[in-house]
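Enquirer: Residue numbers (this note's numbering), protein chains in the order written: chain P, 1 to 866; chain Z, 1001 to 1297. Ideal placement from N, C-alpha and C gives every residue a C-beta, glycine not left out.
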Amino acid sequence: MKRFITLLLMLGILLSCTSCLSIDTARSNSDISIYLFEQDTATRQSVEKFNLGRQKGKINIQTVAAERIEDYQNALLSDLSNGKGPDIIMLYPSYIDSLAQYLNLDVFYDLNALIKDDKAFKLDDYADRVIDCGVKDGKRYLFPLAYTVEALFSTEEILKTHNLSIDKRVLSLEDMLALSKSFKEAQNGDMFINALPSMGYINHFVDPLTQTASFDNEEFKMFMEQYQALHQSVTVVAENSWDLSLLPQGRVALLNLPIYGVHSTLLPYQLYDKAVSDPVLLSYSPWGQEGNAIATPSVLVAVNKNCANKEAAFEFIKTLLSTDAQMERGQIDGIPVNWEAYEEIKEDSSNRISASTGGIRDEEALRRLTTQLDEIIKGDLICRIQDPGVGNIISKELMNYLAGSKTKEAASKDMQDRVNSYFKGIPSPEQTPTPTPAAPRNVTNLTLHYMEDQLFVKNAIRYFNDSHTDVQIKGTMHSSKDIENFKTMLTTSVMAGEGPDLLVYRPNLFNSLTKTMATGAFADLNPLIEGDPSFDTSAFYPEVFNAGVFNDKRYFIPLYYEISTLVTSKTSLSSLALTLDEAGWTMNELKDAIHNYKASNPSGSQYFFDHYMNFLSLLRSSGLQLVDYQNKTTSFQSKGFIELMVLYKEIAPLVPSLDTELSLGLTPVLLRDNVVRMIYLDPQKPSYLARNNAIATSYLGDDFVIVPFPTYEAGAKYPVRLFDVVSINAQCQDQQAAFDFIKILLSEEIQKTKTSHGFYNDTSGMPVNRYAYLNEIEELKAPSNNVGLIAVSNGVETTSVKSIPLTDEVADMAMGIINHMAPPIHLDQEIENIISEGLQAYLSGKRTAEQAAKEIDEKVSLFLNE
Amino acid sequence: MKKQHSHGPFLKLKTKEALAGLGFALPSLAGFGLFFVVPFFLSLYYCFTEGIGDMRFVGLKNFQSLFQSSSFRLALKNTLRFTVLSLPLIFIVSLSFALILNTKMKGLPFFRSLFILPLVIPVASVILVWQIVFHDKGFLNTVLSFWGIPAIDWLNSENALAILIMLYIWKNCGYNMILLLAGLNNIPKEYYESARIDGAGSLLCFWKITLPYLAPSGFFVLVISIINAFKVFRESYQLAGNYPHQSIYMLQNFMNNNFHNLSLQRLSTAALLMLIIIGLLVSFLFRIEARMRRNLS
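#1: On the DSSP bridge list, what partners appear for His-449 (chain P)?
#2: Quick check on this structure: which residue in P:Ser-283, P:Ala-577, P:Val-627 and P:Leu-448 has the alpha carbon closest to the alpha carbon of Ile-728 (chain P)?
#3: Counting only C-beta atoms, is Ile-426 (chain P) closer than 8 Å to chain Z at any point?
#4: Is there a Cβ from chain P that is less than 8 Å from the Cβ of Gly-1053 (chain Z)?
#5: On the criterion of 16 or more Cβ atoms from any shown chain inside 10 Å, does Leu-1013 (chain Z) qualify as buried, or is it exposed?
#6: What would DSSP say about Glu-239 (chain P), mapped onto helix, strand or coil?
#7: By the DSSP assignment, the beta strand (DSSP E) with Ile-925 (chain P) in it spans what residues?
#8: Pairing CB atoms from the region 472–480 of chain P with CB atoms from the region 790–804 of chain P, are three or more of them under 8 Å?
#9: Curious, which full-length beta strand (DSSP E) runs of at least 3 residues does the region 45–93 of chain P contain?
#10: Looking at Leu-282 (chain P) and Arg-169 (chain P), is the spacing between their C-beta atoms short of 8 Å?
#11: List the residues of chain Z whose Cβ lies closer than 7 Å to the Cβ of Ser-62 (chain P), in chain order.
#12: Going by the CB atoms, is the gap between Val-443 (chain P) and Tyr-450 (chain P) shorter than 8 Å?
#13: Under a three-way DSSP split, which group does Ala-822 (chain P) fall into?
#14: Closest to Gln-228 (chain P) by C-alpha separation, out of P:Gly-404, P:Thr-491, P:Glu-343 and P:Gly-291, would be which residue?
#15: Three or more C-beta pairs closer than 8 Å, one from the region 1070–1087 of chain Z and one from the region 1127–1147 of chain Z: is that the case here?
#16: Using CA atoms only, rank isn't needed, just tell me which of P:Ala-411, P:Val-494 and P:Glu-150 is closest to Met-399 (chain P).
#17: What is the DSSP secondary structure of Phe-1286 (chain Z), reduced to helix, strand or coil?
#18: Do Leu-1281 (chain Z) and Ile-1226 (chain Z) count as a contact pair if the criterion is CB distance below 8 Å?
#19: Any C-beta of chain P within less than 7 Å: which residues of the region 1236–1258 of chain Z qualify?
#20: Contact between the region 809–824 of chain P and the region 710–728 of chain P: three or more CB pairs below 8 Å?
#21: Considering only residues of the same chain and omitting the five flanking positions on each side of Ile-1209 (chain Z), which have a CB-CB separation below 7 Å?
#22: Just list the residues that DSSP pairs Met-766 (chain P) with in beta bridges.
#23: Quick one: what's got a C-beta closer than 7 Å to Val-675 (chain P)'s C-beta in the same chain, skipping five residues either side?
#24: Could you work out which residues of chain P lie near Ser-1069 (chain Z), taking near to mean beta carbons separated by less than 8 Å?
#25: What is the DSSP secondary structure of Tyr-1243 (chain Z), reduced to helix, strand or coil?
#26: Which partner residues does Phe-143 (chain P) have in the DSSP bridge list?
#27: What is the residue span of the beta strand (DSSP E) that Ala-791 (chain P) lies within?
#28: Please state whether DSSP places Pro-208 (chain P) in a helix, a strand or coil.
#29: Distance, Cα to Cα, Leu-1255 (chain Z) vs Glu-830 (chain P)?
#30: Quick check: what's the CA-CA separation for Ile-202 (chain P) versus Pro-668 (chain P)?
#31: Does DSSP classify Lys-885 (chain P) as helix, strand or coil?
#32: Let's see if you can read the secondary structure: which residues bound the alpha helix (DSSP H) around Thr-537 (chain P)?
#33: Is the CB of Ser-1263 (chain Z) under 8 Å away from at least one CB in chain P?
#34: From what residue to what residue does the beta strand (DSSP E) around Tyr-95 (chain P) run?
#35: So what does Phe-108 (chain P) bridge to, in DSSP terms?
#36: For Glu-430 (chain P), is the classification buried or exposed, using 16 other Cβ atoms within 10 angstroms of its Cβ as the cut-off for buried?
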């Protein structure tokens, strides 16, 4: 019996140990969660890196769309208040309504407890004045990952003129006041600063983390008086804050340009170097903290108290703070808190700017600017987390005082009361409104995959989901770095009878779009169009809109397209004896022009086209129909194709390589100086047209002209080239809803450059919706479009030109080309590969044009008949 | 009662052994089933259907469409032509080398290793050498240019087939030779001695003794060669890409390109046809071999 009891006891102890062990192991092995804001690519990359090769303790991401910041806040607050929520909490102060709401939930874990157990982790490796802003009562609840610093641009000349030391990095309110008065007197009432800083000054009086505020006192009233004086002596100019030329023009003494990153601070100077030769970077201090610059965290991370695997969470924070991850974040979210990453970015930015042939030539000035930036970043910083809720109250009360509707006493008292009640009035965890569970309803989800640069898809999804309750689109965004995986995933899944319900893609995504269509992978859209009387097909350019019709079935609808065009000068045209009328020009005329050009340029030191010109562009625009997909026949041995190859052999030496072109200078300059005679124009979407108009006008005056690509036959129309198209998967269960989404994609709201809510659709080509095109053209003609500067860059050299409204003449040129558009001449990706291969054999002299054409013909024939 | 004792408590010994054997074979069988049997039946299903997702039974339509395809007909013709031309050639070459090496010559192990070498060299490296030789600016054209012969783009002309056959023979004849050498060693020397006493010459010995007794190895070599001939795509693809010269566009090129375009039905139908053709050829060879065996015995 004794033995039995002893055995039982031992077994019990063993079991309890094992169970404890298993719980601990389970905890340390459990996966952790994070809610991620869509555009936080830096954190997403860190998660991917963290998860790589990890079997356990991985991070699961729940992404929230960029336009759904309210959802992010609601989900985060509601889940945290219910004791759930993500294990790692990402806070983006600029995107939240109230920091206090989060703080009052008391869900943040003290990171110091984890830091002290990790001997390898050294706080000294990070910007101490910044990272300590998340410490309250000795507990480190929030850890900043990046931050911004309030900064001002000026010039040495301005500072000297107004008796300010150029070595003083941080201006006090008194300095600002003195400068504004002096500047106003000297400039006879002209502007002083482009934007008046406010919140930074008040940092001294309120701390959202400790939830303390001291407004109702004499010190704050003194500040208000000084601030009012500054406000009265300042005229704010609402212009591009990157426009450094405002400084030497004498329009402003200071440009308010916060430091969002190393490169973004040095870049304006590089862009507008001609304007400023002696830039000075300054900062300003909050009231009562002279010499201290103002810093604000832009992204913070915290660990949830209820996290089951805090060690893994901390490991992830260390990944976020690693030099590589911080360098990545430093490009997006602000200055990284990791010193090493900051130094690396600083060196990289300086090198990049120095290496470029344009922009700054004065290395000494760049070095001075970098040193000034360094002095501010490494100098005394006061860093406070901003609470937008507090900021709103302060701004309103301050404005009441400045506008004279309240005395300083009343404004400061009200400010104190309101901020206090804001801090107190925050719902406690118990009071936090938890969303009442909605009555269950059947919601159908349609799936859609898209690339991150297809912003129009994202906007369309938002519109669709807002206007539909029973059907929602679930969009999955793919990184543009991941294009090959995206292509494989989409094509294989569609051909396997699966894949997303909707597909937005470029025709060359599929190796053979025509074969894919023939398999029945896509739904026929014609019945959906015919069954919808509200759908007005006359709103679209028919040559483009009907390009998806194969064998009487409509497998896709094009959304954007381009017509290949060239920019040249009228002088060039006349020197080449080219006269272009409305009917355009032909390949024969191009041939003659090439001969004339060669005769006038015997040394071969100049070029006819820029590096974008290639054989396939010429072929697609020629109007030659070489492939009959329906009858599976080809005509590559035709006279037209052979002549085109022969012509291209003459053209090829007159097209510079990219490297050669970059070494020659900016493309508009090359065109002006006749180094290049014709340049390939970007797709003529309205915003690009206006941009190109400004650039061409700046360099060529009214001498420039936009011409279409030559056609093979005289008087032929100009074939378009398709960009993004949309299809419905044949397996889609709710094709009507999918078609409703397509209607949104085709709407003027999504087809134009920017939605009416100000979201960029960021389309690559010209819209198929004619009204979207025409209305935007009219908007761009408005005289108000003369604000700001346009950067002209080739990636190596950068300069800027003044923005101007789109002229009638240029708009008419573009319209003239659009009015002569023809349906696209589709070539499958595989056919393009075969043509390129055959062309190379001809250009290298391995084959004659006839032999190469025969070989291409045979191979394409094989491909079509496979 | 007695019976139960004699058969063990549960199972017979033979059954036990069979189960153990099955247990050992199970992983291999599972792999074979999963990666060969299931896909085979799946592709069989594809041969008679069309569409994506909602498959429709279409009978022999895929076969009809396949034979209407000029690309398929060309690929089939080229593959058969290649097989017909290369099969006798590789057999003759392999047998010749085997006969030479079967004599008591010096350095026999070295030559055996030398002949097996092409088999162990990765195809990609082999192709690289062949490309260097047959490139339009390659070794062969450089040599020919000494005699003023203009450069020929060997791989993009009618010569491509001859090059592919040469490559095929070069690569596979070593393996065939080893098989044939083993077959030759199995022929009892006494047969030759008796024949020589009876006054038979070398040619008659070869014709009446070597060839008939080499038949089992010879047929195995032929079967392997047929299979290898149908697998010559790797070489063709690496030499000249997806769309090589028309003379070396093989059935596997056709299937690979259809896989690239994800035309699964067409790909499966072509694969099934290839299986049938190889099956017919091999069974035809086995019949001949069986007949020869009967005659010999």
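Expert: Checking against the coordinates, here is how it stands:
#1: P:Thr-476 and P:Leu-503
#2: P:Leu-448
#3: Note that Ile-426 (chain P) has pLDDT 47, beneath the 50 cutoff, so the model's placement of it is unreliable and the number below is only indicative. No, Ile-426 (chain P) lies away from the interface with chain Z (no Cβ there is under 8 Å from its Cβ).
#4: yes
#5: exposed
#6: At Glu-239 (chain P) the pLDDT is 48, less than 50, meaning the model places this residue with poor confidence; the figure from the coordinates comes in the next sentence. If DSSP states are grouped into helix, strand and coil, Glu-239 (chain P) belongs with coil.
#7: This structure does not reach residue 925 (chain P), given that chain P is present from 1 up to 866, and the question cannot be answered.
#8: no
#9: 59–64 and 88–91
#10: yes
#11: A small correction: the amino acid at residue 62 (chain P) is Gln; Ser does not occupy that position in the sequence shown. Ordered by position in chain Z, no residue passes the 7 Å Cβ test against Gln-62 (chain P), which lies about 30 Å from the chain.
#12: no
#13: strand
#14: P:Gly-404
#15: no
#16: P:Ala-411
#17: helix
#18: yes
#19: Tyr-1243, Gln-1246, Tyr-1249, Phe-1254, Asn-1257 and Asn-1258
#20: yes
#21: Ile-1187, Tyr-1191, Tyr-1192 and Ala-1195
#22: P:Tyr-561
#23: Gln-606, Tyr-607 and Leu-664
#24: Asn-865 and Glu-866
#25: coil
#26: P:Val-301
#27: 789–793
#28: coil
#29: Looking at the sequence itself, residue 1255 (chain Z) is Met, so the reference to Leu does not match. Answer to the nearest angstrom: the Cα atoms are 15 Å apart.
#30: 48 Å
#31: Not covered by the structure: residue 885 (chain P). The range shown for chain P is 1 to 866.
#32: Premise fails: Thr-537 (chain P) is in no alpha helix (DSSP H) and is neither H nor E.
#33: yes
#34: From DSSP, Tyr-95 (chain P) is part of no beta strand (DSSP E); its letter is neither H nor E.
#35: P:Asn-304
#36: With a pLDDT of only 36 at Glu-430 (chain P), under 50, the local geometry of the prediction cannot be trusted, and no value is derived from it.
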